[in-house]
Structure formats: structure tokens, C-alpha cells
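Offset between the sequence shown (1-based) and our numbering: plus 3.
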Amino acid sequence: MNTPNKLTVLRIFLVPVFIALFYIYRETYISGIVFAIAALTDTLDGYLARKYNEITVFGKFMDPLADKILVLSALTIFVEQSIISAVSVIIIIFREFIISGFRLLAAQKGVTIAANFWGKLKTVVQLIGVLIVLFSNNIPYLNHFLNIGIYTIYASVVLAVISLCVYVYDNIAVVFGGNSEEKLI
């Protein structure tokens, strides 16, 4: 297993650590540090994979999955803590399922569909929003930043919808093209 893939696996293992620290210490900056480390592994594994040409099938599949597990874990905690609306997380989950379905259908045709600019931007905005919430929630002198984090997360929901629309538009022919018998519905 190469270094980028090890970093992806590390990110997955850091999720339960992040969750446990959030609930054990209730001081979200401690779990925020773990979340930040996990988020940095996402940037680092992609950089190393491209730089050293170590892109693997495992990495193509697990890297985005690890990102989803990390972000959705934090967002689910925020819903439970009444920090953000459940509707926003449902929209993000809906988007992730649709795009994963597209990728699976394309893979059956031997096509790999890469993430688009909007999807990458959505991920960056989500990570920033989560980090702002984690580092400002329940810390009196930083609490005024909490709303900035919440609004940043809601901005990522808008980006999730935009990226889904662009993704479907750009890839509908790949997924449903080639056979006139296949219908969208």
C-alpha cells in the first residue's frame, strides 16, 4: 500500500477518534484538531498521488469515500447538537448518493468520472465551515465566529446542489448514452 492510500486509511481511522473526542471532552477544539489533521491528509494524499504518479483504483474509490465519512460525521453531530438543520445534511447526502450512483454506472462502462471544480470547491467550503464551528462552538471568546461557520456550511449546501447539477449535466451522456433503449426514468 502506497503512502497516499495509507493517508486515506488514516483519515478513515481518525473519524471515530474525532467523534469520541467530541463527546468525551465537549470542548470542540480538541476534536477540531483531529478533524483538521484528517482534512490535511486529504490534501496531502492527493498531492502525493499526483506528484509520484501513485494514483490507484483503491485511492480513486476510497479517497472520496473517506472525505464523505469525515464531513458527514461532523455534520451529523452538528445536527444532533442543533447547530445546523437536518435538511442541509439530507441535501448533501442526497447529492453524494446521486454522484456515487453515476460513478458506479460509469465504472460499469469502463469510464472513470473525476470530481469537478464545483465538487472540489464544495468540499473545501465544507471543511472550512466544519473547522470554524469546531473551533468556535462552546469557546466563549470565539463564539461570535460560530455563525460564520454555520453560514459557511450552508454555503457548501448551495455548492453541493450546483455541483450536482453540473455533474449530472456533464456526465449524463456517459452514464445513459450509447444505448437508445436506456431511459433516464
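Idealized CB from N, CA, C, for every residue including glycine.
None of these values were measured; they are calculated from a predicted model.
query	result
Within a Cβ cutoff of 6 Å, which residues of the same chain sit near Val-18, ignoring the five residues on either side of it in sequence?	Ile-72, Leu-73 and Ser-76
Should Ser-85 go down as buried or exposed, given a rule of 16 or more other Cβ atoms within 10 Å for buried?	exposed
Taking the alpha carbon of Cys-125 as the point to measure from, which residue in Glu-83, Leu-145, Ile-95 and Phe-100 has its own alpha carbon closest?	It should be noted that the sequence gives Lys, not Cys, for residue 125. Checked all of Glu-83, Leu-145, Ile-95 and Phe-100; the closest Cα to Lys-125 is Ile-95.
How is Met-4 classed by DSSP in three states: helix, strand or coil?	coil
Short of 6 Å in beta carbon distance, which residues of its chain neighbour Gln-129, apart from the five on each side in sequence? Order them along the chain.	Val-74 and Ser-159
Specify, as a first and last residue, the run of the alpha helix (DSSP H) that Phe-148 falls within.	Neither: Phe-148 is in no alpha helix (DSSP H) and is coded neither H nor E.
With DSSP as the reference, label Val-90 as helix, strand or coil.	helix
Measure the Cβ-Cβ separation of Tyr-170 and Ile-102 and say whether it is below 8 Å.	yes
For Lys-125, report the span of its alpha helix (DSSP H) as first-last.	120–139
Using a 10 Å radius around the Cβ and a threshold of 16 neighbouring Cβ atoms, would you call Leu-10 buried or exposed?	buried
Is the CB-CB distance between Val-136 and Leu-145 below 8 Å?	no
Rounded to a whole number of angstroms, what is the C-alpha to C-alpha distance between Ile-156 and Ile-36?	18 Å
Among residues of its own chain, excluding the 5 on either side of His-147, which ones have a beta-carbon nearer than 8 Å to its beta-carbon?	Ser-139
Report buried or exposed for Ala-52, applying the criterion of at least 16 other Cβ atoms within 10 angstroms of its Cβ.	buried
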